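Protein chains in written order, with our numbering: chain A, 1 to 351; chain B, 1 to 351; chain C, 1 to 183; chain D, 1 to 183; chain E, 1 to 71; chain F, 1 to 71; chain G, 1 to 247; chain H, 1 to 247.
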Amino acid sequence: MKKVLMKGNEAIAEGALTAGCIAFFGYPITPSSEIAEYMARKFPLLGGTFVQAESELAAISMVYGGASTGFRVMTATSGPGISLKSEGISFLAEAELPCLIVNISRGGPGLGGIQPAQSDYWQATRGGGHGDFQIIVLAPSSVQEMLDFAMEAFDLADKYRIPVMVMAEGTLGQMMEPVIPREKVTQFIGKPWAINGCKDRKPNIVNTLHLSPEFLEERNHVLGDKYKVIKANEQRAETYWTEDADLVVVAFGLMSRIVKKAVMEVRKRGHKVGLIRPITLWPFPVEHIKKAAETAKMFLSVEISMGQMVDDVRLAVNGKAPVEFYGRIGMIPSPEEIADQIIKLAEREGF
Amino acid sequence: MKKVLMKGNEAIAEGALTAGCIAFFGYPITPSSEIAEYMARKFPLLGGTFVQAESELAAISMVYGGASTGFRVMTATSGPGISLKSEGISFLAEAELPCLIVNISRGGPGLGGIQPAQSDYWQATRGGGHGDFQIIVLAPSSVQEMLDFAMEAFDLADKYRIPVMVMAEGTLGQMMEPVIPREKVTQFIGKPWAINGCKDRKPNIVNTLHLSPEFLEERNHVLGDKYKVIKANEQRAETYWTEDADLVVVAFGLMSRIVKKAVMEVRKRGHKVGLIRPITLWPFPVEHIKKAAETAKMFLSVEISMGQMVDDVRLAVNGKAPVEFYGRIGMIPSPEEIADQIIKLAEREGF
Amino acid sequence: MDSEKQVLFAGFGGQGVLSMGKFLTYAAMGAGKNVSWLPAYGAEMRGGTANCLVTIADDEISSPLTEHPGMAIIMNRPSLDRFEGKIKKNGTLVINSSLVDRLPQREDLNVFQMPVNQIADEMGSPKGANMLLLGACLQKTGVVTVEQALEHFGIIFKGKKESIIEKNREAFLAGVQYAKENW
Amino acid sequence: MDSEKQVLFAGFGGQGVLSMGKFLTYAAMGAGKNVSWLPAYGAEMRGGTANCLVTIADDEISSPLTEHPGMAIIMNRPSLDRFEGKIKKNGTLVINSSLVDRLPQREDLNVFQMPVNQIADEMGSPKGANMLLLGACLQKTGVVTVEQALEHFGIIFKGKKESIIEKNREAFLAGVQYAKENW
Amino acid sequence: MAKGKVRFHADECKACELCVNFCPKDVLGLDKHNINALGYHPVTDLLPDNCTGCGICALMCPDLVIEVERE
Amino acid sequence: MAKGKVRFHADECKACELCVNFCPKDVLGLDKHNINALGYHPVTDLLPDNCTGCGICALMCPDLVIEVERE
Amino acid sequence: MKIVAQRPESLTPAKFHYCPGCTHGIIHRLVAECIDELNMRENTIGICPVGCSVLAYDYFNFDMLEAAHGRAPAIATGIKRILPDRCVFTYQGDGDLASIGMAEIVHASARGEKITVIFVNNAVYGMTGGQMAPTTLLGQVTTTSPYGRKVEETGYPIRMAELLAINEGSAYISRMSVNNPANVTKTKKSIKKALQTQMKGLGFSMVEILSTCPTNWGLGPMDALKWLEENMIPYYPLGEFKVKEAL
Amino acid sequence: MKIVAQRPESLTPAKFHYCPGCTHGIIHRLVAECIDELNMRENTIGICPVGCSVLAYDYFNFDMLEAAHGRAPAIATGIKRILPDRCVFTYQGDGDLASIGMAEIVHASARGEKITVIFVNNAVYGMTGGQMAPTTLLGQVTTTSPYGRKVEETGYPIRMAELLAINEGSAYISRMSVNNPANVTKTKKSIKKALQTQMKGLGFSMVEILSTCPTNWGLGPMDALKWLEENMIPYYPLGEFKVKEAL
Ligand SMILES: Cc1ncc(C[n+]2csc(CCOP(=O)(O)OP(=O)(O)O)c2C)c(N)n1
Ligand SMILES: Cc1ncc(C[n+]2csc(CCOP(=O)(O)OP(=O)(O)O)c2C)c(N)n1
Ligand code: SF4
Ligand code: SF4
Ligand code: SF4
Ligand code: SF4
Ligand code: SF4
Ligand code: SF4
Ligand SMILES: [Mg+2]
Ligand SMILES: [Mg+2]
């Protein structure tokens with residue numbers, strides 16, 4: 001199909017529609033509001049549902065209700081909104097309800113700023129809610145991927161009965177790039193567990209309360225086993241020039257493109273530098289990092305945060321090489337700045 | 001003073017009162033409600049403020065308002081309540097408002113069960129909210145420590161202008177043990193930043209909005225630097241028999257007492273086993289673990305979760321020794337069960 | 001007496017098993033022991049089962065938990081089904097035979113039975129069932145002595161009406177009497 | 001023309017700098033280039049400054065960001081203060097002299113000035129200021145040609161009233177004319 | 001006067017006595033000689049012949065213990 | 001009729017013309033010959049002698065641009 | 001002999017876990033009977049709250065969903081918007097609906113969301129052991145108002161029916177009570193009317209039902225009914241507060 | 001010559017960041033003037049919302065606190081309970097107060113919290129670029145109601161003043177407008193009355209103020225005032241809805 005110039009936020013919305021999403025429940029927040037606005041324009045024409053919820057709490061609860069009917073539904077917000085949704089996300093994870101949650105992330109903590117950030121990494125991959133659970137987290141790096149990953153997210157969500165988050169820096173939501181539209185999805189997995197009236201079958205129940213400790217533990221193992229399968233099957237990353245790299249930079253999202261340019265620059269100057277770009281933040285691409293750790297002398301995690309993913313890099317490297325960190329907050333460092341950092345490191349370490 | 005038999009929840013409340021806490025804002029939830037109930041009984045007699053908030057969101061916001069006046073204030077809840085408070089906690093951290101937040105934790109995810117758990121570890125030490133921030137997290141292991149750590153928490157909170165969480169398994173909140181009451185605190189740090197009317201001074205502002213990326217970054221560095229100081233100064237742990245230990249078990253909270261008994265048992269049978277009990281979950285006692293990793297052949301993290309603290313143990317051990325995990329959910333394993341596990345490991349590894 | 005005793009109390013939510021345990025805890029603390037009282041709190045739900053574990057020791061209590069209490073006081077049938085297998089070898093099992101219609105299958109246990117609800121009903125104080133059984137237990141096992149328990153009656157029930165304390169004392173003593181006569 | 005050009009547009013929130021950039025992006029895409037348009041979105045706050053960066057390349061765009069654009073179109077004084085130092089060496093600087101009351105301090109830059117607001121006011125279309133300046137820039141620099149831009153006018157303003165499109169086209173052409181005459 | 005008959009799922013009775021109190025014919029009472037699996041003296045019909053089958057007992061029983069039939 | 005005088009913090013004027021429209025004496029107008037630092041034609045008193053110092057302009061100005069004095 | 005009272009089809013055989021004399025049980029039965037009588041069992045989706053009725057999914061014999069505390073109306077919205085021809089109702093306590101879930105209920109009502117809310121007001125938090133609710137009466141002793149609820153500290157009990165009746169989106173709002181046979185019968189009629197309001201698409205419907213909590217009130221079941229009648233009904237008048245007959 | 005209009009002491013010299021003709025500026029000034037006239041500057045604590053007025057802490061010349069979105073009334077409660085003799089007010093937009101903050105405002109009112117709420121109703125989310133608010137009028141076009149707000153999809157605009165007046169804890173509730181000089185003067189009087197209600201300890205007080213958002217309404221400042229008068233006032237009647245004179 002013909003390329004169309006689109007904002008990242010519009011591309012995510014368009015991707016969701018293409019994937020057969022029939023309902024959006026959300027509360028406006030910069031820099032994610034265009035997703036809601038796009039849906040508000042489209043759904044009345046397409047026959048889907050757009051509800052501006054009274055709050056993020058209500059929005060994620062509407063998603064809970066909507067997802068339990070078996071249809072594809074979504075919400076979108078930014079950092080503070082994810083915090084408010086974290087009880088709901090914990091519920092969705094335990095109820096194993098597939099859905100798409102978008103975080104077009106901005107700087108924190110507190111009200112913070114509306115500039116791009118990656119400092120919701122921990123929230124997305126670990127503690128975004130109480131209890132032991134995980135959600136799949138995809139990090140696109142281009143407007144095209146905003147569209148594609150929205151579609152991918154729904155497929156993964158249905159396949160594993162798990163909420164899937166697409167997390168992108170605010171900038172990626174706001175910037176425009178040409179995008180190739182995709183074919184509309186029309187085939188979906190059956191969902192016999194859905195809540196839609198018990199005609200010709202026994203009643204279905206969607207529930208997360210497990211008062212018996214034994215059953216609670218069993219449920220946690222069911223989830224845990226599922227997470228193991230996902231870890232085994234769904235780790236995704238892109239690697240560039242890692243085979244001979246002394247220094248492997250790890251970066252995700254739009255940030256990874258900046259780093260890529262910097263790495264290309266630095267390669268030109270004769271330093272053996274490579275890049276690993278995690279596409280799934282959870283499951284974290286441990287295997288890609290482990291492989292690189294067999295030969296690399298050092299790792300550098302570059303993030304738009306005070307250093308969060310660097311923990312996961314360290315866990316994967318497991319002491320095989322030093323792992324350094326470089327981060328900015330509220331702004332995306334330029335390729336030049338990253339190149340400078342890499343060269344400084346390379347010169348310090350002598351490679 | 002004379003020992004008094006107290007529930008853990010009552011001890012925490014009593015500790016807070018002893019530390020000069022003058023206001024409690026909370027919303028009931030099992031297994032933490034007795035803290036609120038204790039305050040509801042006491043404050044009308046003592047002249048403090050007890051408000052049952054309409055929700056956890058409101059409760060943490062009242063704490064935000066209360067803490068900004070410069071007085072010692074607190075809230076208490078359990079897992080789902082912390083999720084609902086996570087936006088507010090991010091705000092408190094950025095506004096650098098000292099306060100006490102209690103999580104008497106139960107099993108999740110979702111509504112889960114009301115049985116004890118440690119599966120809010122990640123939420124407490126990492127992603128419990130958007131943006132880059134940390135709070136100090138203390139994990140008591142006895143009813144006496146419930147009282148003492150509540151006091152300690154207020155001191156740390158004031159000293160570093162940071163929210164401090166006391167996190168304890170539900171069981172610890174519910175169980176009774178004899179407790180030695182402490183002397184009432186009457187001396188407090190001055191708080192010139194407090195919001196209490198601008199008589200004879202310039203207006204004060206409590207705020208977390210930083211629209212300029214540069215200033216947002218600066219604020220994150222201010223926080224980051226503070227966190228470094230806390231990491232350097234406040235790591236706390238108890239160690240038992242680690243000097244000669246082949247296997248070091250790591251466990252916190254009430255769980256650590258069970259493990260201690262198991263370790264004693266196993267020592268009797270001739271295996272060289274030791275225990276590290278993190279008292280501060282954040283800052284995690286990296287130094288204690290590192291030290292033990294100089295000699296230990298293996299680590300075992302025992303948690304009432306699917307495995308969360310084990311990440312921190314691995315990060316601290318940094319590949320120097322394998323780190324294993326044993327966990328239960330919804331129930332606290334017995335000393336016998338832990339002893340069995342340790343022996344199995346010891347026999348497998350031959351130490 | 002060992003250096004550490006653990007007693008499990010189990011029954012329906014409304015049967016006062018938690019108070020039974022607390023009573024024992026207070027009494028033991030009064031007698032100079034280290035103690036802990038640990039409920040399996042299920043109070044968020046009505047009509048469930050309830051149980052608590054009391055640990056009494058001469059030294060510091062490292063673990064207030066156990067899977068194998070030395071003694072179990074069982075107020076209803078589901079609790080027997082659940083806990084019979086857990087009691088320590090050669091441990092003690094006390095059964096409320098009003099609501100438990102079977103005997104344990106294990107043969108190593110010292111078993112004592114008492115139709116607690118009937119006796120309480122007959123005494124006209126159905127709420128005293130738990131104190132009845134507790135009195136009997138202490139009389140028989142001496143975890144703490146009956147005298148020690150009686151000494152702390154006032155402290156334990158502090159704030160309660162005198163008539164209520166009296167009713168409880170009566171039930172307790174009736175239990176003591178029952179044990180003397182029947183066990 | 002290089003294989004990759006980056007143009008910065010900067011000014012007040014209401015001056016249409018974002019649309020200027022979008023216009024250029026559409027035009028370049030229409031001309032078969034790889035493009036990206038990246039706003040420094042400050043729209044959550046009113047009355048702030050606004051800027052956007054357009055990247056136009058023959059190959060894949062790895063980084064849509066830069067600190068050193070080759071060309072900057074500056075609509076007000078604060079933007080000049082902020083970005084003057086960032087422009088690439090020997091780069092191009094286009095200034096709205098109606099609202100910028102100083103010249104750059106750097107001497108390596110190619111500087112073009114235009115009193116955009118005055119001209120727009122005189123034309124009776126104060127909202128056309130941005131298109132005026134854009135027309136002038138394209139005429140002068142050929143990032144995309146004036147013809148390419150005009151070709152995509154209809155597509156870019158799709159859905160807008162014909163009269164509005166016409167006003168914009170007029171302003172754009174007036175800018176082209178101005179550049180021809182003055183730069 | 002209509003003739004009625006009440007049947008009980010006595011195992012589910014919690015002895016709240018709402019039925020007892022609201023029965024206009026004083027048909028019902030607790031069976032002091034029995035304790036059900038829940039530990040309560042369950043409901044019983046002390047004066048079955050008085051029952052008119054009005055259904056009030058079932059209307060007020062929170063635990064669906066009572067089934068009522070009427071001629 | 002009372003005599004008034006208006007003074008402006010012209011740099012803060014956003015040319016919204018609320019004052020212009022509400023002034024009962026048509027005293028005010030925008031200064032088309034000036035552009036202030038915010039990029040607007042700021043308010044000015046076109047007919048200063050008409051001013052009664054009624055204060056309505058200041059009452060309606062959202063940006064505290066206008067100070068009014070009255071005899 | 002014909003059967004005049006038996007277990008409705010819309011209830012499973014599971015025994016209620018409620019305390020003796022707790023009127024949650026009566027209300028469950030009434031809801032089930034209405035759904036049976038409207039012949040909607042296979043078409044109904046119920047949402048239970050966090051509160052003593054959290055286990056209602058075990059009792060109602062149709063598709064059920066258990067909500068996070070207070071969020072039932074938003075969940076109902078998510079379902080109803082996607083399945084507009086289903087009968088969707090929430091069952092909520094006073095803590096759930098009037099405290100933590102205040103925003104959700106007010107907005108569901110304002111939006112005219114075509115759902116039915118069964119609001120069980122027992123003036124206390126039952127499940128968590130008897131804390132004060134927004135509907136706790138002045139002077140009432142609870143574990144968090146141990147000296148009796150005082151205006152100066154906690155303000156006034158909220159009258160939800162009156163509050164929600166203000167919203168134009170509310171099509172049917174009533175307050176009923178289950179303290180005696182006559183009121184139980186009226187309550188049932190009102191529930192049916194509310195469900196019919198929903199199915200006719202008229203807007204939001206809610207029946208507030210005054211209910212007892214013998215356990216946390218510290219009263220026997222009969223005394224609890226009496227306390228309800230003498231204390232709750234005077235502050236919470238019964239009746240229909242909004243009846244939209246048609247659009 | 002005597003000065004009849006000048007900058008109040010309770011405003012800092014900072015320039016407002018609001019759009020041309022946005023009446024947030026007028027309302028700021030009125031609040032500041034009232035506090036000056038009541039001589040309470042050094043005794044006042046203000047709380048700004050998330051919304052266009054988020055930066056109000058830069059403008060008010062007394063102790064200020066910036067709240068999380070919607071939570072201002074709870075924050076005010078936290079402060080006022082600890083410092084009962086201070087004058088504590090919140091300044092909130094319609095998204096902040098009537099959407100995400102619904103629970104907090106209803107409960108502050110129900111509790112009779114002795115705070116004052118300045119509620120700026122401009123029928124739209126200003127700060128985030130013009131999305132629908134709970135107070136957006138039927139038919140009104142916003143970025144999330146691009147075809148005009150429709151009853152069937154989004155229900156009815158909420159009348160907060162009327163809703164909160166229901167609560168017994170509310171001591172003073174009014175709705176005012178700043179669309180012309182006479183109404184601006186009335187608004188100021190009402191704000192002063194609300195603050196006095198607080199200081200007398202009578203209970204919760206709120207002034208809802210109809211305000212313009214020229215930018216997101218897509219109208220010039222004067223046209224915006226006219227639109228307000230012709231469209232908002234008919235749906236949101238002005239007046240005092242609750243006036244408790246004494247306890
Ligand atoms: C987020 C959250 N907060 C608090 C709780 C604890 N909680 C469970 S039920 C309940 C109150 C129930 O009261 P009500 O809604 O009146 O129902 P009732 O039990 O009286 O029928 C509370 C506070 C929870 N489960 N989740
Ligand atoms: C938790 C959270 N959700 C959403 C937002 C985004 N947001 C900022 S202001 C606002 C609405 C403001 O509208 P209103 O309260 O009407 O104020 P106005 O700007 O119109 O004065 C929203 C949704 C946020 N900052 N935080
Ligand atoms: S049916 Fe009527 S008369 Fe018969 S037992 Fe029940 S209430 Fe009494
Ligand atoms: S009302 Fe029901 S539960 Fe209560 S006593 Fe009668 S039959 Fe038993
Ligand atoms: S004071 Fe009155 S007359 Fe003078 S300019 Fe202002 S509005 Fe006009
Ligand atoms: S009202 Fe104020 S801002 Fe508007 S034009 Fe007049 S002086 Fe300028
Ligand atoms: S606690 Fe109260 S509401 Fe809950 S089941 Fe018991 S009586 Fe009913
Ligand atoms: S966006 Fe609207 S409310 Fe916000 S400052 Fe501009 S005009 Fe005022
Ligand atoms: Mg209740
Ligand atoms: Mg608004």
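Built from N, CA and C at the ideal position, the CB exists for glycine as well. As the structure is a computational prediction, the values presented were derived from the model and not from experiment.
Quiz prompt | L132 (chain D), buried or exposed, once every other Cβ within 10 Å from all chains shown has been counted against 16 | solution = Around the beta carbon of L132 (chain D), 16 or more other beta carbons lie within 10 angstroms, which makes this residue buried.
Quiz item: Is any heavy atom of ligand 8 found at a distance shorter than 6 angstroms from the C-beta of T215 (chain H)?
Solution: Checking the Cβ of T215 (chain H) against ligand 8 gives yes.
Quiz item: Relative to the alpha-carbon of T18 (chain A), which residue among A:F149, A:L345 and A:G70 has its alpha-carbon at the smallest distance?
Solution: A:F149
Practice problem: State the Cα-Cα distance for the pair M45 (chain C) and A194 (chain G), rounded to the nearest angstrom. | Solution: Caution is warranted here: a pLDDT of 47 is assigned to M45 (chain C), below 50, making its placement in the model unreliable, and the coordinate value is therefore given only provisionally. Cα to Cα, the separation comes out at about 30 angstroms.
Exercise. Flag C19 (chain G) as yes when its Cβ comes closer than 6 angstroms to any non-hydrogen atom of ligand 7, and as no otherwise.
Key: yes
Quiz item: CA-CA distance, I162 (chain B) and F215 (chain B)?
Solution: Taken atom to atom, the span from the alpha-carbon of I162 (chain B) to that of F215 (chain B) is near 20 angstroms.
Practice problem: Excluding the 5 residues preceding and the 5 following A72 (chain D) in the sequence, name in chain order all residues of the same chain whose CB lies nearer than 6 angstroms to its CB. | Solution: L8, F83, I87 and L93
Quiz item: Is R111 (chain G) close to chain H, meaning its C-beta is less than 7 angstroms from at least one C-beta of that chain?
Solution: yes
Quiz item: Between the region 125–140 of chain G and the region 76–85 of chain A, do three or more beta carbon pairs fall short of 8 angstroms?
Solution: no
Quiz item: Is the shortest distance between the beta-carbon of Y57 (chain G) and the beta-carbons of chain A less than 7 angstroms?
Solution: yes
Quiz prompt | Partners in chain G for E54 (chain B), counting only beta-carbon separations shorter than 8 angstroms | solution = S99, I100, M102 and P134
Quiz item: Any heavy atom of ligand 3 closer than 6 angstroms to the Cβ of C13 (chain E)?
Solution: Result no, Cβ not under 6 angstroms from ligand 3.
Exercise. Give the residues of chain B in contact with M64 (chain H), contact being defined as C-beta atoms less than 7 angstroms apart.
Key: P203 and I205
Self-check item: Element boundaries [alpha helix (DSSP H), containing S86 (chain A)]
Solution: Going by DSSP, S86 (chain A) is part of the alpha helix (DSSP H) stretching over G79 to A95.
Exercise. Assign H221 (chain A) to buried or exposed, taking buried as 16 or more other Cβ atoms, counted over all protein chains shown, within 10 Å of its Cβ.
Key: exposed
Practice problem: Rank H:E229, H:F204 and H:Y147 by C-alpha distance to the C-alpha of L45 (chain A) and give the top, closest one. | Solution: H:Y147
Quiz item: How about C61 (chain F): is its Cβ closer than 6 angstroms to a heavy atom in ligand 6?
Solution: yes
Practice problem: Measure from the C-beta of S3 (chain D) to each C-beta in chain F and report whether the shortest distance is under 7 angstroms. | Solution: no
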